[in-house]
Amino acid sequence: MIEPWKQDTIILHTQRLLRSYQYWTGETLLDVQGTLEAIAEALFYAPFVLVSHGIEPDPIFNYGNQKALELWELTWEELTQMPSRKTAEPMEQEARNHLLAETKAKGFLRDYQGVRISSSGRRFFIQDVLVWNVLDEQNQRCGQAAVFSKYTFL
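Heads up: the sequence shown runs through residues 1 to 154, numbered per full-length UniProt numbering.
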């Protein structure tokens with residue numbers, strides 16, 4: 001299989017992630033120059049966890065960088081077929097739903113924290129999470145993304 005970051009749809013999505021992050025926060029998620037493919041590769045191998053999902057009724061992941069795949073113990077194919085709610089245990093769903101609704105209304109949220117679970121059942125606490133609405137080329141919401149570097153296995 002072709003590396004995810006080499007796929008045209010992911011190269012486009014990478015640009016949406018970076019542009020939307022800057023739109024909402026006024027900051028740069030990753031300071032990188034080069035071709036669109038080189039930027040997509042740099043984001044895929046960035047030193048932080050980055051995931052995003054679409055706007056389906058039960059949102060499905062449409063992106064996870066290498067750190068995210070490792071943390072959730074999933075392949076690209078597994079991640080991009082999985083509803084994002086499955087990363088949170090049932091007792092965490094209400095808090096997660098509130099987070100996503102608040103992000104949808106405000107554009108982005110800083111300093112989220114919560115417990116998540118990997119595909120093998122490993123629980124971990126995530127901190128200092130920034131969540132934002134992903135915008136398409138017409139500035140229409142097409143998903144949500146989250147980025148963080150701090151997590152502790154429980």
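Virtual Cβ for every residue (Gly too), placed ideally from N, Cα, C.
Where L74 falls: helix, strand or coil (DSSP): Residue numbering aside, residue 74 sits at position 74 when the sequence shown is read from its first letter. Three-state result, L74: coil.
Contact set for Q93: own chain, Cβ-Cβ below 8 Å, skip 5 residues either direction: Against the sequence shown, residue 93 aligns to sequence position 93. Excluding residues within five positions, the ones whose Cβ falls inside 8 Å are R85.
Closest residue to L69 among F124, R16, S118 (Cα-Cα distance): On the sequence shown, residue 69 is found 69 positions in, with the first residue counted as 1. With distances taken between Cα atoms, L69 lies closest to S118.
As assigned by DSSP and simplified to three states, the class of L154: Counted from its first residue, the sequence shown places residue 154 at position 154. DSSP places L154 outside both helix and strand once states are collapsed to three, so it counts as coil.
CA nearest to the CA of L29, picked from F153, Y151, A145, L154: Residue 29 sits at position 29 when you count from the first residue of the sequence shown. The shortest Cα separation from L29 among F153, Y151, A145, L154 belongs to A145.
Integer Cβ distance of L109 from V131, believed to fall under 8 Å: As a first step, residue 109 must be located in the sequence shown, where it is residue number 109. As a first step, residue 131 must be located in the sequence shown, where it is residue number 131. Rounded to the nearest angstrom, the Cβ distance from L109 to V131 is 5 Å, consistent with a contact under 8 Å.
Y63, buried or exposed, once every other Cβ within 10 Å from all chains shown has been counted against 16: The residue labelled residue 63 in the question sits at position 63 within the sequence shown. With a threshold of 16 other beta carbon atoms within 10 Å, Y63 meets it and is buried.
Option nearest V32 by Cα separation, candidates W24, F44, T75: Numbered from its first residue, the sequence shown carries residue 32 at position 32. It is F44 whose Cα lies nearest to the Cα of V32.
Selection from M1, F125, S20, E3 that minimises the alpha carbon distance to D136: As a first step, residue 136 must be located in the sequence shown, where it is residue number 136. Looking at the Cα atoms, S20 is the closest of the given residues.
9 Å Cβ cutoff met for D58 and P83: One-based indexing of the sequence shown puts residue 58 at position 58. One-based indexing of the sequence shown puts residue 83 at position 83. Annotated as proximal: D58 and P83, with beta-carbon spacing under 9 Å.
Member of C142, S149, K150, G107 whose CA lies at the smallest distance from the CA of H53: As a first step, residue 53 must be located in the sequence shown, where it is residue number 53. Among C142, S149, K150, G107, the Cα nearest to that of H53 belongs to C142.
Backbone secondary structure at R16 - three-state DSSP: The residue you call residue 16 lines up with position 16 of the sequence shown. In the structure shown, R16 sits in a helix (DSSP, three-state: H, G or I).
Inter-residue Cα distance where the pair is Q127 and K104: On the sequence shown, position 127 is the one that residue 127 refers to. On the sequence shown, position 104 is the one that residue 104 refers to. Rounded to the nearest angstrom, the two C-alpha atoms are 20 Å apart.
One or two residues paired with W132 in a DSSP bridge: Position 132 of the sequence shown, counting from 1, holds the residue named residue 132. BP columns for W132 point to F108, A145.
Where F44 sits in the DSSP three-state scheme: Position 44 of the sequence shown, counted from the first residue, corresponds to residue 44. The three-state secondary structure of F44, taken from DSSP, is helix.
For Q93, three-class secondary structure by DSSP: For the purposes of this step, residue 93 is identified with residue 93 of the sequence shown, where counting begins at 1. The answer is helix: DSSP assigns Q93 an H, G or I state.
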